[in-house]
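Single-structure report; data block below.
In UniProt numbering, the protein residues as written are 1 to 856.
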């Protein structure tokens, strides 16, 4: 056997294959035939790829996408394809707008922007097929700025804080035409602010609907049919509503069963010849909806038996329709009269907030959309005539918001699907057009520059909502100056925080190329309204006030020194005074002087047994003055120890509330007078004293309790009496002992008269037992009697004294017994025991204690 060995280390990279012949030689020198040997050296991945260049540099223009920005290349010294070929390239630098393929070609994934970055530095590595990584190579991509007409210096974001006034949107904007061969003829720049996503289309809800109506000078007689739910406005409690309180309250109607039945005492159901209905509506059509489906915003229909709709405001097939059926008594019942007005307008179904107001001065009917009168024509609105309603006995109407009542089925139908807010009805007059315009006016919008900056040849136009401004001019410098002075303003003290996008569109027209304007990219940015600091509303004062009976009967100021403080520009919209438990209307009342509200025109008051609610946008000082005038009257103050009232104030419909201030009114009860017991002679028997049940309040005096006879009788039936023995107990003991001693002496000395002594002993024994039962001891004697018996006997005690005979012997003492209620025990009273009969005298009652003076 022969062994083939290498006498030096083989290297695949130097030589991979070897070929040679070998022959065997015998000991006799004979050589065999040659044999060919092939040797292949197996490769080992001992080398990493290497880039042909340590660094790569490329230059590109901004705003373009390239198929290949730069190509990198690496090689590997290993001898086999498995370890010697480069199979992958990778960019190690993260978050860059570039990718690289397996061939080493780098391209950009988005147009590059010189303003964002002038150059990009990338770290690139290569991998062989054995995944051995190379050392990184640096690739630098330089961005050339390519001049294109457009606006420069536009901020990415504008922050706005409440109370700063107007904040410029484009303070450093300039229009760069890049030296284009253009003789400027006209520049049109249009700036648009988006506010549709805020509240009811914009930040207009500084106060609630009711307060906003007062600020706009609306009629006080207008009735709000969608108020905030409360103790007296409970018909909206079941509706879904926006409770975020960032803006005015919004009610959602699902189109299935959402509806609010308005109580009959809220609004007179019979509308006059002149009235106004106003409402905020956000509505969109249902998919594949039947065009005949009605969605009622407001409807008055028969309450039972029939389904006649007397008047209604509803939407059908994206038309706003007013139904107004005249009563049979309003003219000739045989004459057709206008009964239905159908307006076809796009605002009904665009899923945006709009304010609709219908002004009726029959037969004239006008529609106002977003504060502007709708221009009618011959076909719009479509007017439908109908007969007047026929008379029906015993049939009333039911007023519903968000649906219509079906009297024959006793349920609601034709439900509205969408959002409603601020539904109000003014009967007997029409609202002024300027009031309707004020109600929907936005508190935020674009602030235009002063008109004195306009130069000849330049125009500045805005829309009614102040959300769009357009500048037209042939002077680029003047257009830039005007645009820099355009700002965003929000006059709300507490604006709704969030983002408002704005967009700048520009059109440039050059001389000779009017049909092909110079393209200018649209600029987009946004305003961020920062959350306002929460206001500090504080209510304080003297929390404890004590008054006499007479003061409460005449009336006591609940908050005599209350102080309401808030910010410098604060305007409260409500203050509520609550009392628990509720007032007893028989003898308690809470209210304001008759002329108190005359000096505060913006504040209205609602008083009931649960308290007082003041509402309306006004200053904290005016609310403070009115709160101090609130009076509490109690004609029976003896019933109470104190009364507790709670006061809270708020603004922006309760979005910001004060602390809860607690005021206690205490009743000063007069102290009870002490009665001296009458003088008793030594010969008089001891006097038993009746202890009256004490009242519920320690300081209550029966002389000041203004009670009726029936009330006193009822209190006596619930009370109890306790009699306790006092005085003379030692004298009784001595008398009893003397009697016993005398009996014993008579038993010893009367031995001669055995029969008579025995008889006397038996008689004495009986008398001794009686004497012993009547004896007084040192412990308290308590006897409970029926209070009704005492009440009856009290009125007839003189007659009882003459007629009653206590003992057949006629030797009983009939002295008057004096009973006093000095030591009253309040624990014996279950109710308020403020009794007027503080002292009772009883004479020879069957319950009185007596002495037998017969000889022993």
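Backbone N, C-alpha and C fix where the C-beta goes; we use that ideal spot for every residue, glycine too. Bear in mind that the values here come from a model prediction, so they are computed numbers and not experimental data.
The straight-line gap separating the alpha-carbon atoms of residue 261 and residue 425 is approximately 15 Å. Between residue 414 and residue 166, the C-beta spacing is not below 9 Å. Annotation: residue 83 is outside any beta strand (DSSP E); the continuous alpha helix (DSSP H) that includes it extends over 81-84. Between residue 438 and residue 217, the CB-CB gap stays under 9 Å.
Contact between residue 412 and residue 395 does not hold, since the beta-carbon distance rounds to 18 Å and is not under 8 Å. The C-alpha of residue 111 is placed about 32 Å away from the C-alpha of residue 475. Taking 9 Å as the cut-off, the beta carbon of residue 385 is found no closer than this to the beta carbon of residue 312. Distances from the alpha-carbon of residue 484 to those of 169, 98, 300 put 169 closest. Counted as a single uninterrupted DSSP element, the beta strand (DSSP E) harbouring residue 399 occupies residues 397-401. For residue 551, the three-state secondary structure derived from DSSP is helix. About 6 Å separates the Cβ atoms of residue 494 and residue 162, confirming a contact at the 8 Å cut-off.
Around the beta carbon of residue 121, fewer than 16 other beta carbons sit within 10 angstroms, so the residue counts as exposed. Straight across, the Cα-Cα distance linking residue 142 with residue 106 is about 13 Å. For residue 668, the closest alpha carbon among the candidates 549, 553, 601 is that of 549.
Under the three-state reduction of DSSP output, residue 168 falls in the strand class. Pairing residue 9 with residue 40, the inter-Cα distance amounts to about 13 Å. Approximately 11 Å separates the beta-carbon atoms of residue 372 and residue 366; this is outside 8 Å, ruling out the contact.
Contact between the region 559-566 and the region 587-595 is not established, with fewer than three Cβ pairs separated by less than 8 Å. Its Cα nearest to that of residue 631, the residue 552 stands out among 552, 621, 571. Per DSSP, residue 335 is not a residue of any beta strand (DSSP E), being assigned neither H nor E. Within the DSSP secondary-structure output, residue 305 pairs in no beta bridge.
Beta-bridge partners of residue 406 (DSSP): 411.
In the structure shown, residue 457 falls within a coil segment according to DSSP collapsed to helix, strand and coil. Per the C-alpha coordinates, the member of 18, 17, 16, 35 positioned closest to residue 2 is 35. In the three-state DSSP reduction, residue 87 falls in the strand class (E or B). The Cβ atoms of residue 661 and residue 543 lie closer than 9 Å to each other. The way I'd put it, the region 121-140 does touch the region 73-87; three or more beta-carbon pairs between them come closer than 8 Å. Per DSSP, residue 484 lies in no beta strand (DSSP E); the unbroken alpha helix (DSSP H) holding it starts and ends at 476-484. DSSP places residue 110 in no beta strand (DSSP E); its state is neither H nor E.
Within the same chain, Cβ atoms closer than 7 Å to the Cβ of residue 153 are found at 172, 173, 174, the five residues on either side in sequence being excluded. Looking at the backbone, the Cα of residue 458 and that of residue 345 are separated by about 34 Å. In the three-state scheme derived from DSSP, where H, G and I count as helix and E and B as strand, residue 599 is classed as helix.
In the DSSP annotation of this structure, the continuous segment of the alpha helix (DSSP H) that includes residue 437 starts and ends at 433-439.
Judged by DSSP in its simplified three-state form, residue 131 adopts coil rather than helix or strand. When beta bridges are read from the DSSP output, residue 121 appears opposite 140. Contact between residue 337 and residue 389 does not hold, since their C-beta atoms are separated by about 11 Å, which reaches or exceeds 8 Å.
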